[in-house]
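Worksheet: one structure, shown below.
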Amino acid sequence: MEQLQKFVSNKFTLTLCFGGISALTAFTILRNKKGNNSQKKGKLYFHSVFRSNRCIWLLRELNAVEDYELIDVDVWDKTSNESKSYTETVHPHTTVPALQYDDLTLLESGAICMHLAEKYHSLIPTDLGDLYNIMFYVCATLDEVQEKLFVQFFFNEKNGTEDKNEIEHATQKFNACAKYLVTRLRGKEYICGDKFSVADCVLGYNMWWASEMKEGILIQKYPELLSYLERLKSRPAFQQTWKSSKPVM
Numbered sequence: 001m002e003q004l005q006k007f008v009s010n011k012f013t014l015t016l017c018f019g020g021i022s023a024l025t026a027f028t029i030l031r032n033k034k035g036n037n038s039q040k041k042g043k044l045y046f047h048s049v050f051r052s053n054r055c056i057w058l059l060r061e062l063n064a065v066e067d068y069e070l071i072d073v074d075v076w077d078k079t080s081n082e083s084k085s086y087t088e089t090v091h092p093h094t095t096v097p098a099l100q101y102d103d104l105t106l107l108e109s110g111a112i113c114m115h116l117a118e119k120y121h122s123l124i125p126t127d128l129g130d131l132y133n134i135m136f137y138v139c140a141t142l143d144e145v146q147e148k149l150f151v152q153f154f155f156n157e158k159n160g161t162e163d164k165n166e167i168e169h170a171t172q173k174f175n176a177c178a179k180y181l182v183t184r185l186r187g188k189e190y191i192c193g194d195k196f197s198v199a200d201c202v203l204g205y206n207m208w209w210a211s212e213m214k215e216g217i218l219i220q221k222y223p224e225l226l227s228y229l230e231r232l233k234s235r236p237a238f239q240q241t242w243k244s245s246k247p248v249m
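In structure tokens form, the structure reads like this:
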């Protein structure tokens, strides 16, 4: 850990590839840094309705939007000088989100959300074990499943190259995730209890995303998830964040 903290204290990019692991890594590192970045104004790179919406939504819930410079990245343009510079200096995959300070760059939405909640000491449930569990589950499991379905529904199906076996397998896995989430939500308003938390910004994105794909066929048979999503949609910060109805990665 000492070597890791020493590495963090220098200028670096925290290049994270696995959702759950990355979120825990970033959260642990930043807690041990004892808030060294708390007074620095950062840059949040985003693009509407990408997973960066989790971060924008959370900033609004925290009343902290003005603490950051919000930079909209044209993630579809990979050839411009601006895009090449972004790839070289911020995000190696030329996508979003990315949160950048002078000496730290976070590249994964779950990690960014946990960092922001910790930085502002807000929207963190009392039971951290419960928080870690749901955050990692969503970022490492549900994101992967929905990404596969997104590719099949929005790209492959349109050009006649959809893989029906892949769709069936991913749908089955989504259903397993949905059933687990239903049990987690039973008797609660939000995923970690009766109070809204950072975990709802992460999971809420997935529920919105599922409701938009193929006219919501993924969650139509889960009234608990639909009710949960409606509670989230009623929040002003959610309404301010979503400008488009087409989910993308």
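Read in order, the letters of the sequence shown correspond to residues 1 to 249 in the working numbering.
Glycine residues also receive a C-beta, built at the ideal position from the N, C-alpha and C atoms.
This structure is a prediction, so every number in the text was calculated from the model and none was measured.
Rounded separation between residue i and residue j - CA only
i: V138; j: C55; result: 15 Å
i: V90; j: R235; result: 31 Å
i: N63; j: K164; result: 44 Å
i: L58; j: Q240; result: 11 Å
i: N175; j: E157; result: 21 Å
i: V73; j: K243; result: 16 Å
i: Q146; j: E66; result: 32 Å
i: S38; j: T161; result: Its pLDDT being 49, under 50, S38 is placed unreliably in this model, and the value from its coordinates should be taken loosely. Going by the C-alpha atoms only, they are around 48 Å apart.
i: A170; j: S122; result: 35 Å
i: F136; j: S85; result: 31 Å
i: A140; j: E82; result: 30 Å
i: V151; j: V202; result: 20 Å
i: L232; j: C113; result: 17 Å
i: K78; j: T126; result: 42 Å
i: F155; j: P92; result: 23 Å
i: Y132; j: S48; result: 26 Å
i: F153; j: E144; result: 14 Å
i: G216; j: Y120; result: 34 Å
Neighbourhood of residue i by C-beta, 6 Å cutoff - its chain only, sequence neighbours within 5 removed
i: N68; result: Note on identity: in this sequence residue 68 is Tyr, with Asn being the wrong assignment. The answer, listed in chain order, is G42 and L44.
i: S52; result: F46, V96 and P97
Same chain, Cβ closer than 8 Å to residue i, five either side skipped, listed in chain order
i: L229; result: G204, M207, W208, S211 and I219
i: R184; result: I134 and I191
i: L149; result: I167, A170, T171, F174, M213 and L218
i: S80; result: D74
Nearest residue (CA-CA) to residue i, options the options
i: G187; options: E157, S227, L149 and Q152; result: S227
i: F50; options: K84, N63, E108 and R231; result: E108
i: W76; options: L70, S85 and T94; result: T94
i: A199; options: N175, Q240 and A111; result: A111
i: E61; options: F196, E215 and G216; result: F196
Chain-order list of residues whose beta-carbon lies under 7 Å from that of residue i (same chain, five-residue window excluded)
i: D194; result: K188
i: L225; result: A178, L181, V182, M207 and I219
i: D130; result: C192
i: T264; result: Given that the chain is displayed from residue 1 to residue 249, the structure contains no residue 264 and the question cannot be resolved.
i: L142; result: C177 and N206
i: Y222; result: A178 and V182
i: L128; result: none
i: L70; result: L44 and F46
i: A237; result: W57, R60 and E61
i: N159; result: none
heavy atom of the ligand PLP below 7 Å from residue i C-beta
i: D143; result: With respect to the ligand PLP, the structure offers nothing, as it holds no ligand at all.
Short CB-CB distance (under 8 Å) between residue i and chain B
i: K158; result: The chain labelled as chain B is not found in the depicted structure, where only one protein chain is given.
Notebook entry, point to check: Is the stretch 44 to 53 touching the stretch 91 to 99, taking contact as three or more C-beta pairs under 8 Å?
Noted result: Under the Cβ criterion (8 Å, minimum of three pairs), the stretch 44 to 53 counts as touching the stretch 91 to 99.
Item checked: Completely contained alpha helix (DSSP H) runs for the stretch 78 to 134, where each covers 4 or more residues -> With a minimum length of 4 residues, the continuous alpha helix (DSSP H) runs that stay inside the stretch 78 to 134 are 81 to 89 and 109 to 119.
Note to self: Please give the ranges of any beta strand (DSSP E) in the stretch 144 to 182, keeping only runs that are unbroken, at least 3 residues long and fully inside the region.
What the structure shows: none
Note to self: Quick check on the DSSP output: what are the complete alpha helix (DSSP H) runs of length 4 or more inside the stretch 188 to 242, in order along the chain?
What the structure shows: 198 to 212, 223 to 233 and 236 to 241
Checklist line | Length-filtered (4 minimum) alpha helix (DSSP H) runs lying within the stretch 36 to 62 | finding: 52 to 61
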